[in-house]
Amino acid sequence: MSTISSLVFADFVHFQGIFSEYLGLDHMLAIVCKSNEGMKHLEPYDQKGKINKSSGLHGLGSSFSKPLDGRILVICLEDLRPYVGELALGDPQKKLALPKPRLPNGTCPSGFIDFAVNMINVEIANSSCLTASGLGLGRLYSIVFSLACKCIKQERK
1243 MSTISSLVFA DFVHFQGIFS EYLGLDHMLA IVCKSNEGMK HLEPYDQKGK
1293 INKSSGLHGL GSSFSKPLDG RILVICLEDL RPYVGELALG DPQKKLALPK
1343 PRLPNGTCPS GFIDFAVNMI NVEIANSSCL TASGLGLGRL YSIVFSLACK
1393 CIKQERK
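In this note's numbering, each residue's number is its place in the sequence shown (first place is 1) plus 1242.
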């Protein structure tokens, strides 16, 4: 269990800011669990079906005198549909082998850098994290970071 912001990083601080802004605070601080079983421990229920506020995230919040109210975004890796294409050969980060976008004339758009999912790096400590189906974080983050990054003219100079 972790948050997206602590699982991945971008090589350039500028891109980290852009990705954070794109995802928004809710998603950057989303709790990420490997399995549905892990999610059950975040918000346990008592026999009557009410949230047990003395354990899970609520218990943790209470121990800091910060009771949790409102919504908590949780992403379960086990439930995400992974990227099923090829991976870049020899890449330790297992970047996705995505075809570059092409204009009708066959050229790549001016300023195209890469797809965001390939511009983030999984922290070394999390690189061996696999779901029950054997998928790594990079393939699963293709859903979260499904955007293309393009430099604006001022940044290309």
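Just so it is clear, CB atoms sit at the ideal spot from N, CA and C, and this is done for glycine as well.
The structure displayed is predicted, hence computed values, not measured ones.
Buried versus exposed, by CB contacts within 10 Å (16 or more), residue i
| i | result |
| --- | --- |
| V1326 | exposed |
| A1358 | buried |
| N1360 | buried |
| K1399 | Low local confidence applies: a pLDDT of 44 at K1399 is under 50, so the model's placement there is unreliable, with the coordinate-based value given in what follows. The residue in question, K1399, is exposed, as its Cβ has fewer than 16 Cβ neighbours within 10 Å. |
In DSSP terms, what residue i is bridged to
| i | result |
| --- | --- |
| Y1287 | I1293 |
| V1316 | I1273 |
Secondary structure of residue i, DSSP reduced to three states
| i | result |
| --- | --- |
| L1331 | coil |
| L1267 | helix |
| L1299 | helix |
| L1310 | coil |
| L1372 | strand |
| V1326 | coil |
| L1338 | strand |
| N1278 | helix |
Pair within 9 Å by beta-carbon distance, residue i and residue j
| i | j | result |
| --- | --- | --- |
| K1276 | A1339 | no |
| N1278 | E1320 | yes |
| P1351 | P1343 | yes |
| K1292 | G1301 | no |
Contact between the segment 1314–1334 and the segment 1275–1290 (3+ Cβ pairs under 8 Å): yes
Are the segment 1299–1309 and the segment 1341–1355 touching by the rule of at least three beta carbon pairs closer than 8 Å? no
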